[in-house]
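Q:
2 protein chains.
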Amino acid sequence: MQSRYQIVIDVFGNDNGPDVAIKGANLILSNFPHVNVILIGDQDVISNKMKELGADENRYTIIDTKEEITNLDNIVEAFYKKENASILLGLKELKENENTIGMLTAGNSGALVMGSIKYLRTDDLKRPCVAAILPTEDGKFVCLVDVGATIDCSSHQLHDFALLGSDFMRHLFQIDSPRIGLLSNGSEETKGNKLTKETYPLLKEDERLNFVGNIEGNKALSGCCDVLVADGFSANQVLKVTEGTAKRIITDIVKYIKMNKREDMMPLVGHLMKTYDISSLGGGIVLGAKKISIKCRGSCNEEAFLNTGRMLINIAENRAMYDK
Amino acid sequence: MQSRYQIVIDVFGNDNGPDVAIKGANLILSNFPHVNVILIGDQDVISNKMKELGADENRYTIIDTKEEITNLDNIVEAFYKKENASILLGLKELKENENTIGMLTAGNSGALVMGSIKYLRTDDLKRPCVAAILPTEDGKFVCLVDVGATIDCSSHQLHDFALLGSDFMRHLFQIDSPRIGLLSNGSEETKGNKLTKETYPLLKEDERLNFVGNIEGNKALSGCCDVLVADGFSANQVLKVTEGTAKRIITDIVKYIKMNKREDMMPLVGHLMKTYDISSLGGGIVLGAKKISIKCRGSCNEEAFLNTGRMLINIAENRAMYDK
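Structure (structure tokens):
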């Protein structure tokens, strides 16, 4: 796929306003000369900012809307009342235009998944989920599903998510038989809550899956599995507790450096901040839809749009999702 | 309470065998001259080890049993079939002997809670829970309930746990009106899974509680609440993901030091290992029972028995639980 194609960027949903996504779009244009962008949001705001940034007018178009589904909306209600919400217009564009390969959005993940079901559902009718691709201790990656779209899951949904994650890791990372783990409160088969105990046999008995059993939270990002399956609530804990702990330890090190007058150790802080900076990490990838959408965090910066844009282009060019 | 009294030490349940608890008991005897211990387990093993350690024979007694409830047991079944399991004999001793103030055990937490209901239930009939007292970013402590005994909770149980945690922090830490947080996947009232959405109004409307709302995982140990309420499954994620992340970052720092030949930075590693060493941290305290039991981790070392012993003695002497 070397011909010119485009990606959609939803400018709403960022905690720090639309400028973050617009600057991110401009970074993508600078870094990927063969990619154009479609920005969705308030036409005037986008147009002024893109001019200010000196973006090439031939490489972007704008879909004008002022409607947005926020985190305070009741999603089911908003889904029908806000038909012109940026996130839904973006998914519609993906459905209708073959050359539009995917979308980046910091908007509402529930709306993103519901919209993907409406506009981009695959033939096997699996429920889409959102995957986070996280760096593991051994220098590889683990695919954590579901990261926030489906908070209360059924065991059959978790089973679907395991299959979607397995497919994704096989295609994108060329892993023959991705190892599937189930997040639990103990490694033994007898451990777990009602949901994981129901899910365990479904994963174990499915011959398409290389199930390696229950994984405890301290091993979540160790590299002992390629796909880690959890409901949206628990996966959110894994992400946020990791982030909070990293931030706390880094703060602790800075205090230690000041107290001991060891400013020569500051490069270590830089190294750790780069390694554990969640705000510039890739976002959540919607699996189980005909095209790729990536959910950036509400608090993300413009670098995150560049990084997730790179990820999106990488996935599309690897045809990870197109081969099916 | 300055007169001589005793605490029970269950020698079973440790991943590294009974020696860990026996050595821990001996450390307690050395550090607390006004406390005696009752060891429960295999008489010969305990007796030989205590002699080898040179413990004063007048300061310990042994309750002989070879029965143990393990993590592989079905708890309900084991509870009736293994009446002489060390953990149950310990709770029985607490019930029958006024001078026995509490128990330390690395055994099965489910059995500990069920046994506490049978032998040490309080008059208000709340379900006991297990609390972890964890150091927060601001140098204070947060009481996390429930840490593992009740994996699938009802909203009414979480409400009870909030009340138990609030009482505990008021008595032990002399906090007038402990701030109660509910672990969730977002700070807004609309966020949460089915369980936390049902629990939210119960906590909000109870005038005995100073409810401060939903708390996200990255703020779990920030110090923004004094009691953090979660089901056993989610609380387990908070504990273990914190542990895993800390271990990973420390390993990362050691690698960085080696690669950059900066061995002069090793004291920082020592500092962090001391701050984030979960294996010597205090264990889980059973709240909502007439006497104190503390659950040590299966992988804990003898220092952990000393630390939890100190905590137990501290609680008893503060009469935190006796005032009720």
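Protein chains in written order, with numbering that gives the first Met the number 0: chain A, 0 to 323; chain B, 0 to 323. For glycine and all other residues, C-beta sits at the position ideal for the given N, C-alpha and C.
1) Between which two residues does the beta strand (DSSP E) carrying residue 209 of chain B extend?
2) In the DSSP assignment, find the alpha helix (DSSP H) that holds residue 35 of chain B and state where it starts and stops.
3) Take every Cβ of the stretch 217-228 of chain B, pair it with every Cβ of the stretch 131-146 of chain B, and state whether three or more of those distances are shorter than 8 Å.
4) Unbroken beta strand (DSSP E) runs of length 3 or more, entirely within the stretch 146-231 of chain A: which are they?
5) Apart from the five residues on each side of it in sequence, which residues of its chain come closer than 6 Å, Cβ to Cβ, to residue 293 of chain B?
6) Taking buried to mean at least 16 other C-beta atoms within 10 Å of its own C-beta, is residue 25 of chain A buried or exposed?
7) Below 9 Å on C-beta distance, what does residue 218 of chain A contact in chain B?
8) Taking only the alpha-carbon atoms, compute the straight-line gap between residue 87 of chain B and residue 268 of chain A and give it to the nearest angstrom.
9) Run down chain B in chain order and give the residues with a C-beta less than 9 Å from the C-beta of residue 221 of chain A.
10) Could you check if residue 290 of chain B is buried or exposed, using at least 16 other CB atoms within 10 Å of its CB as the buried criterion?
11) So is residue 274 of chain B in contact with chain A if we call contact Cβ pairs under 8 Å?
12) Bridge partners of residue 276 of chain B, per DSSP?
13) Any beta carbon of chain B sitting closer than 8 Å to that of residue 156 of chain A?
14) Quick test of your reading: residue 120 of chain A and residue 288 of chain A, contact by CB under 8 Å. State the CB separation rounded to the nearest angstrom.
15) Using a C-beta to C-beta distance shorter than 7 Å, which residues of chain A count as neighbours of residue 317 of chain B?
16) Along the chain, where does the beta strand (DSSP E) containing residue 298 of chain B start, and where does it finish?
17) Determine whether the Cβ of residue 215 of chain B lies closer than 8 Å to any Cβ atom of chain A.
18) Helix, strand or coil: which one does DSSP assign to residue 6 of chain A?
19) What residues in the stretch 139-164 of chain A bring their beta carbon closer than 8 Å to a beta carbon of chain D?
20) If we require 4 or more residues per run, which alpha helix (DSSP H) segments fall completely within the stretch 17-97 of chain A?
21) Can you list the residues of chain A that residue 267 of chain B reaches, using a CB-CB cut of under 9 Å?
22) Any beta carbon from chain A within less than 8 Å of residue 231 of chain B's own beta carbon?
23) Quick one: is residue 82 of chain A buried, meaning 16 or more other Cβ sit within 10 Å of its Cβ, or exposed?
24) Kindly give me the distance between the Cβ atoms of residue 58 of chain A and residue 28 of chain A, rounded to whole angstroms, as I take these residues to be in contact under 8 Å.
25) Determine, using beta carbons only, whether residue 69 of chain B comes closer than 8 Å to chain A.
26) Can you look up residue 266 of chain B in the DSSP assignment and give me helix, strand or coil?
27) Does the beta-carbon of residue 17 of chain B have 16 or more other beta-carbons within 10 angstroms, so that it is buried, or is it exposed?
28) Kindly indicate the opening and closing residues of the alpha helix (DSSP H) around residue 117 of chain A.
29) According to the Cβ coordinates, are residue 238 of chain A and residue 187 of chain B closer than 8 Å?
30) Counting pairs of beta carbons, one from the stretch 122-142 of chain A and one from the stretch 297-304 of chain A, are three or more of them closer than 8 Å?
31) Do you know whose CA, among A/67, A/161, A/7, A/163, lies nearest residue 13 of chain A's CA?
32) How do the stretch 149-160 of chain B and the stretch 192-209 of chain B stand: do at least 3 beta-carbon pairs fall below 8 Å, yes or no?
33) Examine chain B for any beta-carbon lying closer than 8 Å to the beta-carbon of residue 189 of chain A, and answer yes or no.
34) Please classify residue 33 of chain A: is it buried, with 16 or more other beta-carbons within 10 angstroms of its beta-carbon, or exposed?
35) CA-CA distance, residue 80 of chain A and residue 97 of chain A?
36) Less than 6 Å between C-beta atoms, sequence neighbours within five positions excluded: which residues of the same chain meet that for residue 0 of chain B?
A: In brief:
1) Working through the second sequence from its first residue, we reach residue 209 of chain B at position 210. Counting along the chain, the beta strand (DSSP E) containing residue 209 of chain B begins and ends at 209-215.
2) Working through the second sequence from its first residue, we reach residue 35 of chain B at position 36. Counted as a single uninterrupted DSSP element, the stretch harbouring residue 35 of chain B is not any alpha helix (DSSP H) but the beta strand (DSSP E) occupying residues 34-40.
3) Counting Cβ pairs under 8 Å, three or more are found: they touch.
4) Within the stretch 146-231 of chain A, the complete beta strand (DSSP E) runs of at least 3 residues are 178-183, 209-215, 226-228.
5) Here residue 293 of chain B is taken as the residue at index 294 of the second sequence, counted from 1. Same-chain partners within the cutoff: 103, 282, 284, 307, 311.
6) Here residue 25 of chain A refers to the residue found at position 26 when the first sequence is read from its first residue. Result: buried.
7) Residue 218 of chain A sits at position 219 when you count from the first residue of the first sequence. The contacting residues are 239, 243.
8) Counting from 1 along the second sequence, the entry for residue 87 of chain B is found at position 88. Counting from 1 along the first sequence, the entry for residue 268 of chain A is found at position 269. Rounded to the nearest angstrom, the two C-alpha atoms are 49 Å apart.
9) The sequence position of residue 221 of chain A within the first sequence is 222, counting from 1. Within chain B, the residues near residue 221 of chain A are 243, 247.
10) Start at 1 with the first residue of the second sequence, and residue 290 of chain B comes out as number 291. Classification for residue 290 of chain B: buried.
11) Position 275 of the second sequence, counted from the start, is the residue given in the question as residue 274 of chain B. Taking 8 Å as the CB threshold, residue 274 of chain B lines the interface with chain A.
12) Numbered from 1 along the second sequence, position 277 holds the residue referred to as residue 276 of chain B. Residue pairing for residue 276 of chain B: DSSP places it in no beta bridge.
13) Position 157 of the first sequence, counted from the first residue, corresponds to residue 156 of chain A. No - not a single Cβ of chain B is within 8 Å of the one on residue 156 of chain A.
14) By one-based count along the first sequence, residue 120 of chain A stands at place 121. By one-based count along the first sequence, residue 288 of chain A stands at place 289. 7 Å between Cβ atoms; contact.
15) Taking the second sequence and counting its residues from 1, the one referred to as residue 317 of chain B is at position 318. Near residue 317 of chain B there are no residues of chain A at all, since even the closest Cβ is about 28 Å away, more than 7 Å.
16) Here residue 298 of chain B corresponds to residue number 299 of the second sequence, with the count starting at 1. Membership of residue 298 of chain B in any beta strand (DSSP E) is not indicated, and neither H nor E is assigned to it by DSSP.
17) Translated into the one-based positions of the second sequence, residue 215 of chain B becomes position 216. Between residue 215 of chain B and chain A, the shortest Cβ-Cβ separation is below 8 Å.
18) Here the question's residue 6 of chain A lines up with position 7 in the first sequence. Residue 6 of chain A: strand per DSSP, three-state reduction.
19) Any reference to chain D falls outside this structure, whose protein chains are A and B.
20) Whole alpha helix (DSSP H) segments, 4+ residues: 18-30, 42-51, 74-80, 85-95.
21) Counting from one through the second sequence, the residue named residue 267 of chain B turns up at place 268. Those are 252, 255, 256, 259, 261, 264, 267, listed as they occur along chain A.
22) As a position in the second sequence, residue 231 of chain B is number 232, starting the count at 1. A Cβ of chain A is located within less than 8 Å of the beta carbon of residue 231 of chain B.
23) As a working mapping, residue 82 of chain A is identified with position 83 in the first sequence. Looking at its Cβ environment, which holds fewer than 16 other Cβ atoms inside 10 Å, residue 82 of chain A is exposed.
24) Here residue 58 of chain A corresponds to residue number 59 of the first sequence, with the count starting at 1. Here residue 28 of chain A corresponds to residue number 29 of the first sequence, with the count starting at 1. For a cut-off of 8 Å, the C-beta gap from residue 58 of chain A to residue 28 of chain A is around 5 Å, short enough to register as a contact.
25) Position 70 of the second sequence holds residue 69 of chain B. No Cβ of chain A is located within less than 8 Å of the beta carbon of residue 69 of chain B.
26) On the second sequence, residue 266 of chain B is found 267 positions in, with the first residue counted as 1. Correct three-state label for residue 266 of chain B: helix.
27) Along the second sequence, one-based indexing puts residue 17 of chain B at 18. Around the beta-carbon of residue 17 of chain B, 16 or more other beta-carbon atoms lie within 10 Å, marking it buried.
28) Walking along the first sequence from the start, residue 117 of chain A turns up at place 118. Per DSSP, residue 117 of chain A belongs to the alpha helix (DSSP H) from 108-119.
29) If you number the first sequence from 1, residue 238 of chain A lands on position 239. If you number the second sequence from 1, residue 187 of chain B lands on position 188. Residue 238 of chain A is not a Cβ neighbour of residue 187 of chain B, given a cutoff of 8 Å.
30) With the cut-off at 8 Å, the stretch 122-142 of chain A and the stretch 297-304 of chain A do not touch.
31) Within the first sequence, the letter at position 14 stands for residue 13 of chain A. Of A/67, A/161, A/7, A/163, the residue nearest in Cα terms is A/67.
32) Segments in contact, yes.
33) To locate residue 189 of chain A, count along the first sequence from 1; it is residue 190. It does; some Cβ of chain B falls within 8 Å.
34) Stepping through the first sequence from its first residue, residue 33 of chain A is reached at position 34. Using a 10 angstroms sphere on the CB of residue 33 of chain A, the tally of other CB atoms stays under 16, which defines it as exposed.
35) Residue 80 of chain A sits at position 81 when you count from the first residue of the first sequence. Residue 97 of chain A sits at position 98 when you count from the first residue of the first sequence. Each residue's Cα considered, the two are about 27 Å apart.
36) The residue labelled residue 0 of chain B in the question sits at position 1 within the second sequence. With a pLDDT of only 42 at residue 0 of chain B, under 50, the local geometry of the prediction cannot be trusted, and the value read off the model is given with reservation. Excluding positions up to five away in sequence, the list reads 316.
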